[in-house]
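Engineer: Here it is, the structure, as structure tokens.
Numbering (the UniProt record's numbering), first residue to last: 1 to 378.
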């Protein structure tokens with residue numbers, strides 16, 4: 001990092017809170033989201049100049065996507081289609097899938113519907129009225145119908161938590177998988193790339209939603225070999241109210257977002273480029289050479305601020321030439337990590353990239369068989 005950047009005085013950061021001071025030229029997660037996000041300028045598809053640009057005009061959201069949900073949401077609940085409203089007492093916990101400072105995820109049985117689900121409990125710092133607003137904002141997730149997005153069944157408020165009920169993905173996240181297996185080989189990476197790009201394209205062109213939190217832990221796999229996105233930022237109030245640190249997400253922030261520019265779908269592309277690089281390397285691309293850790297999320301506040309300035313001021317990370325991966329994969333990662341947002345391709349541009357297009361070049365590869373080796377033992 002340049003010496004001038006090192007010597008810049010950086011204010012102290014309050015840990016474990018989203019209520020923090022800003023840093024010169026840094027915009028931290030949780031700021032300017034929610035209602036303001038609808039006013040952000042979206043990239044003009046026809047004016048993009050990336051190498052793989054294609055003509056695609058995103059659709060405006062339909063009235064069904066943006067209208068207020070039914071009045072029964074005054075109870076801060078959503079119903080499964082054709083089933084009673086979700087209630088905490090209707091769930092039987094089967095196993096824990098993950099836990100952290102911000103909440104927990106469990107495999108559960110919803111007794112009335114006999115459906116196996118993933119129940120995510122997110123601790124929040126919000127008043128009851130804000131909690132209900134969060135549930136209302138989550139309603140749009142029920143409108144997302146595609147093989148590339150995890151199905152959403154409903155949500156409700158329980159004490160100081162928002163409870164989200166989603167499709168159970170029985171192989172877990174890519175974060176879990178690469179930490180079990182080491183770096184992921186190229187053929188599954190190709191399927192992952194195709195699915196994630198289709199998911200991002202669907203969210204934006206069908207619902208004008210940007211994911212805002214693309215990273216390995218938010219990409220899930222099931223035993224059928226399907227790869228699906230989860231935890232996209234449809235609720236600004238939830239982003240602002242979550243009782244967790246911003247450290248992990250900051251690692252995947254794009255340069256333009258750190259500098260205060262509006263979030264666009266191309267910011268999701270940057271985050272996916274870092275995700276693809278992390279899966280290829282088997283560790284965070286920002287780990288120091290003498291750091292054996294596979295994740296930078298344990299760095300302290302000053303380390304994170306130093307990282308953010310590195311993202312802005314230094315060249316983006318690359319896959320090593322001797323990595324054993326194809327030049328097509330290297331080219332795809334490099335395209336995602338173009339620092340100039342005007343030159344960076346959109347998700348639908350990247351679907352035209354040879355790495356995403358040539359899924360049939362390895363017809364003998366069975367993605368479902370690959371995925372099943374990582375299935376939960378429960």
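Glycine included, every Cβ here is placed at the ideal spot set by N, Cα and C.
Using 9 Å as the threshold, is the C-beta distance between residue 337 and residue 282 below it?
Structural biologist: Not closer than 9 Å, so no.
Engineer: Rounded to a whole number of angstroms, what is the C-alpha to C-alpha distance between residue 333 and residue 92?
Structural biologist: Taking the straight line joining both Cα atoms gives about 42 Å.
Engineer: If you follow the beta strand (DSSP E) that residue 115 is in, where does it begin and where does it stop?
Structural biologist: Looking at the DSSP string, the run of the beta strand (DSSP E) that includes residue 115 is 115 to 123.
Engineer: Extract the residue ranges of the alpha helix (DSSP H) inside the stretch 193 to 241, only unbroken runs of 4 or more that lie entirely within it.
Structural biologist: 236 to 241, all fully within the stretch 193 to 241.
Engineer: Contact check, residue 188 vs residue 370 under 8 Å by CB: the rounded distance?
Structural biologist: Contact holds; Cβ gap of about 5 Å.
Engineer: Starting from residue 158, follow its DSSP beta bridges and name the residues at the other end.
Structural biologist: Residue 158 is bridged to 161.
Engineer: In angstroms, rounded to a whole number, what distance separates the CA positions of residue 335 and residue 319?
Structural biologist: Going by the C-alpha atoms only, they are around 12 Å apart.
Engineer: Does the count of Cβ pairs from the stretch 124 to 142 and the stretch 180 to 196 closer than 8 Å reach three?
Structural biologist: The stretch 124 to 142 vs the stretch 180 to 196: no contact.
Engineer: Could you check what DSSP says for residue 253 in three-state terms: helix, strand or coil?
Structural biologist: Looking at residue 253 - three-state DSSP - the assignment turns out to be coil, as it is neither helix nor strand.
Engineer: Note down the Cα distance separating residue 208 from residue 271, rounded to an integer number of angstroms.
Structural biologist: Each residue's alpha carbon lies about 18 Å from the other.
Engineer: Just list the residues that DSSP pairs residue 108 with in beta bridges.
Structural biologist: According to DSSP, which records beta bridges pairwise, residue 108 is partnered with 93, 117.
Engineer: For residue 61, which residues from the same chain have a beta carbon less than 7 Å from its beta carbon, with the 5 sequence-adjacent residues on both sides left out?
Structural biologist: Because residue 61 carries a pLDDT of 36, less than 50, the predicted location of this residue cannot be relied on, and the following value inherits that uncertainty. The answer, listed in chain order, is 207, 208.
Engineer: Does DSSP put residue 85 in a helix, a strand or coil?
Structural biologist: Correct three-state label for residue 85: strand.
Engineer: When we look at the beta-carbon of residue 147 and count the other beta-carbons within 10 Å, is it buried (16 or more) or exposed?
Structural biologist: Exposed is the call here.
Engineer: Just curious, the alpha helix (DSSP H) that residue 303 is in, first and last residue?
Structural biologist: Element bounds for residue 303: 301 to 313.
Engineer: Looking at residue 118 and residue 169, is the spacing between their C-beta atoms short of 9 Å?
Structural biologist: Cβ atoms of residue 169 and residue 118: closer than 9 Å.
Engineer: Run the CB neighbour count on residue 315, radius 10 Å, all protein chains shown included, and call it buried at 16 or more, exposed below.
Structural biologist: The residue is exposed, with fewer than 16 neighbouring Cβ atoms inside 10 Å.
Engineer: How far does the alpha helix (DSSP H) with residue 271 in it reach, from first residue to last?
Structural biologist: Where residue 271 is concerned, the enclosing alpha helix (DSSP H) stretches over 265 to 281.
Engineer: Taking all protein chains shown into account, do 16 or more other C-beta atoms lie within 10 angstroms of the C-beta of residue 327, making it buried, or fewer, making it exposed?
Structural biologist: Classification of residue 327: exposed, given that the 10 Å Cβ count is below 16.
Engineer: What first and last residue would you give for the alpha helix (DSSP H) that runs through residue 142?
Structural biologist: No alpha helix (DSSP H) holds residue 142; DSSP gives it neither H nor E.
Engineer: What residues in its chain sit with their C-beta under 8 Å from that of residue 374, if we drop five residues either side in the sequence?
Structural biologist: Excluding sequence neighbours, residue 374 sits near 171, 172, 176, 177, 180, 181, 221.
Engineer: Let me confirm a value: residue 368 is counted as buried when at least 16 other C-beta atoms fall within 10 Å, else exposed. Which label applies?
Structural biologist: When all chains shown are included, residue 368 counts as exposed.
Engineer: In whole angstroms, what is the alpha-carbon distance linking residue 186 and residue 364?
Structural biologist: For residue 186 and residue 364, the distance between alpha carbons rounds to 14 Å.
Engineer: Please classify residue 381 as buried or exposed, where buried requires at least 16 neighbouring CB atoms within 10 angstroms.
Structural biologist: For the chain, the structure presents residues 1 to 378; residue 381 sits outside this window and is missing.
Engineer: What would DSSP say about residue 186, mapped onto helix, strand or coil?
Structural biologist: Residue 186 falls in the helix class under three-state DSSP.
Engineer: Kindly indicate which three-state DSSP category residue 375 falls into: helix, strand or coil?
Structural biologist: Three-state DSSP puts residue 375 in coil, outside helix and strand.
Engineer: Quick one: what does DSSP say residue 181 is sitting in, helix, strand or coil?
Structural biologist: Looking at residue 181 - three-state DSSP - the assignment turns out to be helix.
Engineer: What whole-angstrom Cβ distance do residue 149 and residue 203 have, given they're in contact under 8 Å?
Structural biologist: The Cβ separation is near 7 Å, so the contact holds.
Engineer: Out of 142, 355, 313, which has the shortest C-alpha to C-alpha gap to residue 258?
Structural biologist: Residue 258 has its Cα closest to that of 313, out of 142, 355, 313.
Engineer: Please report the straight-line C-alpha distance between residue 88 and residue 158, rounded to a whole angstrom.
Structural biologist: Looking at the two C-alpha atoms, the distance is approximately 8 Å.
Engineer: Could you pull the DSSP bridge partners for residue 152 from this structure?
Structural biologist: Beta-bridge pairing links residue 152 to 166.
Engineer: Relative to the alpha-carbon of residue 190, which residue among 377, 343, 345, 325 has its alpha-carbon at the smallest distance?
Structural biologist: Residue 325 is the option with its Cα nearest to residue 190.
Engineer: May I have the straight-line CA-CA distance separating residue 349 from residue 323, to the nearest angstrom?
Structural biologist: For residue 349 and residue 323, the distance between alpha carbons rounds to 26 Å.
Engineer: What is the DSSP secondary structure of residue 99, reduced to helix, strand or coil?
Structural biologist: If DSSP states are grouped into helix, strand and coil, residue 99 belongs with the strands.
Engineer: Could you spell out where the alpha helix (DSSP H) holding residue 333 opens and where it closes?
Structural biologist: Unbroken alpha helix (DSSP H) run through residue 333: 327 to 336.
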